[in-house]
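Following: one structure in structure tokens, then a few remarks.
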Amino acid sequence: MTKDSGEWLEAAGPRTRAVRAGIRRTQEQEHGEPIFTSSSFVFDSAEDAAAKFSGDAAGNVYSRYTNPTVRSFEERLASLEEGESAVATASGMSAILALCMAHLKTGDHVLCSRDVFGATVGLFENTLQKFGISVTFVPLNDIDQWRSAATLSTRLLFLETPSNPLNTIADLEALATLSRELGALLAVDNCFCTPTLQQPLLLGVDLVTHSATKYLDGQGRVLGGAVVGSEELIAPIVAFNRSCGPTMSAFNAWVMLKGIETLDLRMRAHCDNASALAVWLDEQSWVERVHYCGLPSHAGHALSARQQRGFGGVLAFEVEGGQEAAWRFINGTHLMSLTANLGDAKTTIVHPATTTHGRLSSEQRAAAGIGDGLIRIAVGLEDLEDLQADCERGERAMRDR
Ligand SMILES: *Cc1c(COP(=O)(O)O)cnc(C)c1O
């Protein structure tokens with residue numbers, strides 16, 4: 105017996121869809137949730153092969169085009185983002201690359217927020233510029249600067265919100281209005297929030313990108329990415345993937361499907377832990393300033409409270425004494441992993457000025473608010489008391505030279 109999951113699933117809540125969407129309820133899938141590790145697929149007849157190759161018939165041809173396990177991941181993510189369609193990619197960066205290759209051409213101009221992921225800056229500044237696509241970087245939360253930097257050639261607005269690591273928040277509805285005025289596409293990297301906390305498509309954004317490597321997997325196991333949006337905007341990205349090949353592997357898609365089953369629970373726990381740690385850090389005499397949009401003192405608090413269902417798992421704070429003090433703090437912690445990764449069950453700690461933002465000049469860092477005494481924590485799922493104790497270890501190491 106097979107149960108049809110089509111109709112009731114569309115009406116189901118996001119937690120149900122996170123567990124059920126994308127899986128056909130045939131006996132095979134219900135019992136095994138298989139990983140289809142086939143490079144190519146076999147046809148019933150020459151007629152069947154011709155129809156599937158031409159696209160006249162649905163079905164799998166070759167895993168660079170489509171793979172059933174990858175398809176399940178795409179359907180599940182599209183459902184959670186409330187998008188018509190999704191395409192999976194090998195990594196978060198290949199998702200952004202594929203979006204740009206499909207929707208931009210020589211002569212086009214891109215407006216990108218200043219505080220995006222470092223490799224995203226590199227993609228726009230180095231790779232795409234070689235093909236005659238220009239970019240202007242603008243402050244994330246200053247809509248007037250977005251407007252005044254736009255040109256007649258502006259085709260894409262790209263940003264992340266909240267920003268890494270200061271949690272600056274962009275007004276997505278205002279930017280969606282601007283992008284429509286400009287006749288440009290608005291794309292948002294929703295890696296920090298995931299659809300659990302923020303659904304940009306519902307606020308008028310055209311395309312959402314993901315580094316699935318982070319919270320969607322959630323356990324630091326595999327790389328992956330995706331772009332979600334309307335059928336019309338996703339189709340050219342699928343076509344790019346088919347001919348150029350930055351596709352997600354079936355194994356990684358299967359890991360992501362399992363990760364998404366617990367996404368809602370994990371995101372709530374990340375938010376709760378980060379909020380509590382931010383409040384606690386804010387009370388410590390040795391902390392100069394905490395940057396977390398969940399704190400009422402944060403400039404983006406009201407906007408993030410309106411636009412998001414939670415404040416996320418990433419916070420930053422400043423200590424007195426610059427790089428030397430920050431390094432002593434980081435080296436003094438034992439539990440937190442010293443790595444630039446985020447979105448993991450394990451809490452990670454990093455010194456942005458000498459790692460993620462090390463490529464910037466000190467003037468650029470100062471303009472971006474990345475001080476030498478700034479420390480970023482991507483809060484994981486451990487007990488809060490243990491994270492606090494680890495911070496206290498860091499503080500003692502910072503104090504006892
Ligand atoms: C990690 C990250 C990326 C890049 O993703 P990969 O999967 O590492 O390619 C893009 N955007 C943000 C916000 C990220 O944190």
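My numbering numbers the first residue of the sequence shown as 105 and each following residue consecutively. Where is the CB? At the ideal position from N, CA and C, for every residue including glycine. Nothing here was measured: the structure is a model prediction, and the numbers come from that model.
Item: T106 to N294 span [Cα, whole Å]; Value: At T106, the pLDDT of 46 sits below 50, so the modelled position is not reliable; the number obtained from the coordinates is stated separately. Each residue's alpha carbon lies about 35 Å from the other.
Item: Unbroken alpha helix (DSSP H) run spanning E285, endpoints; Value: 276-286
Item: DSSP-derived helix/strand/coil call for F157; Value: helix
Item: Status (buried if at least 16 other CB within 10 Å, exposed otherwise) for H64; Value: In this structure the chain extends from 105 to 505, so residue 64 is not present and cannot be described.
Item: Nearest residue (CA-CA) to T240, options E229, D248, I247, K234; Value: E229
Item: L263 at chain C interface by Cβ criterion, 8 Å; Value: The structure shown contains no chain C; it holds only a single protein chain.
Item: Any non-hydrogen atom of ligand 1 closer than 7 Å to F221 Cβ; Value: yes
Item: Any non-hydrogen atom of ligand 1 closer than 7 Å to S195 Cβ; Value: yes
Item: Complete runs of the beta strand (DSSP E) confined to the segment 154-206 [at least 3 residues]; Value: 189-193
Item: L244 - DSSP class collapsed to helix/strand/coil; Value: coil
Item: Between the CA atoms of E186 and F177 - distance to the nearest angstrom; Value: 14 Å
Item: Presumed contact (8 Å Cβ cut-off) between A330 and L485, rounded CB distance; Value: 23 Å between Cβ atoms; not a contact.
Item: Proximity winner among L215, L260, F235, relative to P243 (alpha-carbon distances); Value: L215
Item: beta-carbon T317 near ligand 1 non-hydrogen atom, thresh 7 Å; Value: yes
Item: Where V383 falls: helix, strand or coil (DSSP); Value: helix
Item: F262 classed as buried or exposed, judged by whether at least 16 other C-beta atoms fall within 10 angstroms; Value: buried
Item: Ranges of the alpha helix (DSSP H) found wholly within the segment 388-442, counting only runs of at least 4; Value: 405-411, 426-436
Item: First and last residue of the uninterrupted alpha helix (DSSP H) at D490; Value: 488-503
Item: CB contact flag (P299, L446, <8 Å); Value: no
Item: For F355, the first and last residue of its enclosing alpha helix (DSSP H); Value: 354-365
Item: Simplified DSSP assignment, three categories, for I338; Value: helix
Item: Best match in K450, L442, S267, R121 for proximity to T458 [C-alpha to C-alpha]; Value: L442
Item: The segment 244-254 contacting the segment 372-382, beta-carbon criterion three pairs below 8 Å; Value: no
Item: Element boundaries [beta strand (DSSP E), containing R218]; Value: Where R218 is concerned, there is no enclosing beta strand (DSSP E), given that its DSSP letter is neither H nor E.
Item: Any non-hydrogen atom of ligand 1 within 7 Å of T224 CB; Value: yes
Item: For E467, the first and last residue of its enclosing alpha helix (DSSP H); Value: 466-472
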